[in-house]
Amino acid sequence: MNKSVLVIGGGIAGIQAAIDLGDMGFKAYLVEQSSAIGGRMAQLDKTFPTNDCSMCMLSPKLMEVARHPN
């Protein structure tokens, strides 16, 4: 039996949830209201409180979700 799940919101949390659910064997459908995924994190330069580069954290997740076999 194939199980599907709908992840609403394509921000960093939604992307990670879709990846994790896909890794657990679910068919994950990621939907986003806007024309691109990434959410607020895609608009930021640095993250709080660590001042890490936000795109340095987001870019690998975008690649991972795009390449996921699910």
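Each residue of the sequence shown is one higher than the one before, counting from 54 in our numbering.
Beta carbons are placed, not taken as given, at the ideal position from N, Cα and C, and that holds for glycine.
Predicted model, so just to flag it, every value in this text is computed and none were measured.
Check whether the Cβ atoms of residue i and residue j sit closer than 8 Å, and answer yes or no.
i, j, result
"T100", "M110", "yes"
"I61", "V118", "no"
"A81", "N123", "yes"
"H121", "G75", "yes"
"M94", "G64", "yes"
Could you spell out the range, first to last residue, of the beta strand (DSSP E) harbouring residue i?
i, result
"L83", "K80 to V84"
"L59", "S57 to I61"
Can you tell me whether residue i is buried or exposed? The criterion is at least 16 other CB atoms within 10 Å of its CB, across all chains shown.
i, result
"G67", "buried"
"L59", "exposed"
Give, in chain order, every unbroken run of the alpha helix (DSSP H) that is at least 4 residues long and sits entirely within the stretch 61–121.
65–76 and 107–120
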